[in-house]
Amino acid sequence: MNEREEAETVIDWTQGYSYEKYVAKGYGEEQDRQRRVDGRTIFSEAFLSAVRAVEKPVRLIAFAEVYCPDSVVAMPFVKKMAELNDRIHLAILPREHHVEELEAATGVARIPTFLFLDEEGVVRGKYVELPEELRQRIRESDSEERSMVVLEYRRGKHNALIEKDLIACLASF
């Protein structure tokens, strides 16, 4: 598959559901955990400015599940993007039933995955599972350090890296 074909992977974003439904799909304690993280996530001014600056329509497809701790950490950012800019249209889809589309678009079927599509459905940006800088650090770590880094990430200590990658995804809009 060439780069253009990969960019045109067909995903029916109209099947997506709202952030509220994403949260409601979880058990009580999963819902509570997501709401707690939503409430304590702090957004930088650089992130907020980048989101507000988006001038072209964005179809933001978030493949996420409320039971996944990495989804829980990253989802407040896509929620905030959709709240701040009405050009950003958020649609959430489960990983299940969309594995082939995820693999075609990103090479893997991991959650969370955020695809930033233009009006023609061309993928202009991708965020897959973790911030790229953090993924590199984990690759270079021994198992003890890796566990510590993942725990820090899940506690929100690397949110600036999430913002950095999402800002880069928004740059072409």
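For the sequence shown, the numbering used here begins at 76 and goes up steadily by one. Just so it is clear, CB atoms sit at the ideal spot from N, CA and C, and this is done for glycine as well.
Just curious, the alpha helix (DSSP H) that residue i is in, first and last residue?
| i | result |
| --- | --- |
| Ala157 | Pro144 to Leu159 |
| Glu95 | Tyr94 to Ala99 |
What span of residues does the beta strand (DSSP E) with residue i cover, start to end?
| i | result |
| --- | --- |
| His164 | Ile163 to Leu168 |
Would you kindly check if the distance between the Cβ of residue j and the Cβ of residue i is under 8 Å?
| i | j | result |
| --- | --- | --- |
| Val112 | Val147 | yes |
| Glu130 | Phe248 | yes |
| Val141 | Val174 | no |
| Ala149 | Pro187 | yes |
| Val153 | Phe118 | no |
| Val198 | Ala184 | no |
| Phe191 | Gly200 | yes |
| Ile242 | Ala137 | no |
| Thr116 | Gly231 | yes |
| Leu159 | Leu135 | no |
| Val224 | Ser218 | no |
Contained beta strand (DSSP E) runs [length at least 3] in the region 174-248, N- to C-terminal order: 188-192 and 198-203
At 4 residues or longer, and completely inside the region 101-144: list those alpha helix (DSSP H) runs for me, N to C. 103-115 and 120-127
Would you check if the region 196-209 and the region 133-151 touch, i.e. whether three or more CB-CB distances between them fall below 8 Å? yes
Counting pairs of Cβ atoms below 8 Å between the region 89-101 and the region 151-168, do you hit three or more? yes
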